[in-house]
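Going line by line, the protein sequences match chains A and B.
Residue numbers for the first sequence follow our numbering, so the first one is 1242 and each next one is one higher.
Residue numbers for the second sequence follow our numbering, so the first one is 1242 and each next one is one higher.
Where is the CB? At the ideal position from N, CA and C, for every residue including glycine.
Protein chains: 2
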Amino acid sequence: MNVEKSTETKLTSFGIKNTFQRKRVLEILAGAGQPLTVDEIYLRSKQEADVVSLSTVYRIMELFAAKGLVLKNITFDEKKYIYELAATRHKHYLICASCKKKLGIDDCPVEQLERTLAGQTGYKIVGHKLDVYGYCPACQQAMAKTEGADSDGAAKTK
Amino acid sequence: MNVEKSTETKLTSFGIKNTFQRKRVLEILAGAGQPLTVDEIYLRSKQEADVVSLSTVYRIMELFAAKGLVLKNITFDEKKYIYELAATRHKHYLICASCKKKLGIDDCPVEQLERTLAGQTGYKIVGHKLDVYGYCPACQQAMAKTEGADSDGAAKTK
DNA sequence: ATTTTATTTGCGAATGATTACCATTCGCAA
DNA sequence: TTGCGAATGGTAATCATTCGCAAATAAAAT
């Protein structure tokens, strides 16, 4: 009951009406502590009774994004959208290209660039998107072992 | 001189066999001077005889990207892929959120960050993605005129 | 508490981009 | 020119996302 309460408060404070499904999705998102795709949210909702239907998850995420409750981004493979609570501070990630683990990056070197660009171009800058890709230590080790046939361009993009 | 000749040379230098379609696509890409989506390439190929089929354009772009001839990115609305010759230097853009015009950004402040991150996390950094969004001067003016019904949260993040 | 009225949800069908298939055609070396 | 592996065209299949609409709800009014 208590957790529910703050969830409801949060929704209304963003100008979003309370419904069971919206509270549910918000809880899932808050509990995850990491960005989630629509189907991940849908799957988690199915782990208990009262599933939130897939299309409703889509609608809710669009609503949340429009209201600024969540940030809409795209996955590493750029094949689907992924959402995270806007409250979560880091907007940038260091993403392991192999295991997809995400590390938040606190430092953002782009703000300075934005000021420079604004002055040079006259654009009114509204935001930016930055992700850094690499291989985490664990995956580097794993790859070192498994390696053997990688002279040419074997490590295909996909 | 023979544009064809250099096109062929370029393909072979990237380890790509010459076919009519591949030369055609490469020419279109070079002539465009800006990133193109698959269907844009397809449409341009249709402006003359000897159309390159849509699925072939897809295959060719994937091949070009795998060989490093082109860079694969995603459009502003994040709904499809867009390709540009890798030779083209800027990997980053200042994108007008209204008219979608793209300006190349020469300066890249991320390389320094990459070094810092590598040291801090042990990750082997392989690349990054950065785009800055804003409104170009022209669109700012246009919006100033058209404004009037924008009291609520119309100018949302996306 | 019940009715009213505007939303929201669910589910299935539609869409749009991308990929998979497969029969036909092409590039190129012998 | 011939032969064969690679490439192409056309289309069917996939996958994420969006739509349409009847049924279920929420908040407001009675």
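Assumed close pair B:Leu1270, B:Leu1326 - CB separation to whole angstroms, cut-off 8 Å: The Cβ separation is near 6 Å, so the contact holds.
CB contact below 8 Å: B:Glu1268 versus chain A: With 8 Å as the cut-off, B:Glu1268 does not count as an interface residue toward chain A.
Any C-beta of chain B under 8 Å from that of A:Lys1370: Yes, its Cβ sits closer than 8 Å to a Cβ of chain B.
Validate contact between the stretch 1296-1305 of chain A and the stretch 1248-1265 of chain A using beta carbons, cut 8 Å, 3 pairs: They touch, by the three-pair rule.
Exposure label - B:Arg1356; buried when at least 16 CB within 10 Å: With fewer than 16 other Cβ atoms from the protein chains shown falling within 10 Å of its own Cβ, B:Arg1356 counts as exposed.
Extent of the continuous alpha helix (DSSP H) to which A:Glu1268 belongs: Residues 1261-1273.
Through-space distance from A:Asp1372 to B:Asp1318, alpha-carbon basis: Going from the Cα of B:Asp1318 to the Cα of A:Asp1372 covers about 17 Å.
Positions along the stretch 1281-1311 of chain B whose CB lies within less than 9 Å of some CB in chain A: For the stretch 1281-1311 of chain B, residues whose beta-carbon sits nearer than 9 Å to a beta-carbon of chain A comprise Glu1303, Ala1306, Ala1307, Lys1308, Gly1309.
Closer than 8 Å to chain B by CB, A:Leu1252: No, its Cβ sits nowhere closer than 8 Å to a Cβ of chain B.
Backbone secondary structure at B:Asp1347 - three-state DSSP: Note: B:Asp1347 maps to coil in three-state DSSP.
Start and end residues, beta strand (DSSP E) containing A:Glu1281: DSSP places A:Glu1281 in no beta strand (DSSP E) but in the uninterrupted alpha helix (DSSP H) bounded by 1279-1287.
Residue of B:Leu1354, B:Val1292, B:Gly1272, B:Gly1309 minimising C-alpha distance to B:Lys1253: At residue 1253 of chain B the sequence reads Thr, which differs from the Lys that was named. Ranked by how close their Cα comes to the Cα of B:Thr1253, the residues B:Leu1354, B:Val1292, B:Gly1272, B:Gly1309 have B:Gly1309 in first place.
Contact set for A:Leu1277: own chain, Cβ-Cβ below 8 Å, skip 5 residues either direction: Result list for A:Leu1277: Ile1269, Leu1270, Arg1285, Ile1323, Tyr1324, Glu1325, in chain order.
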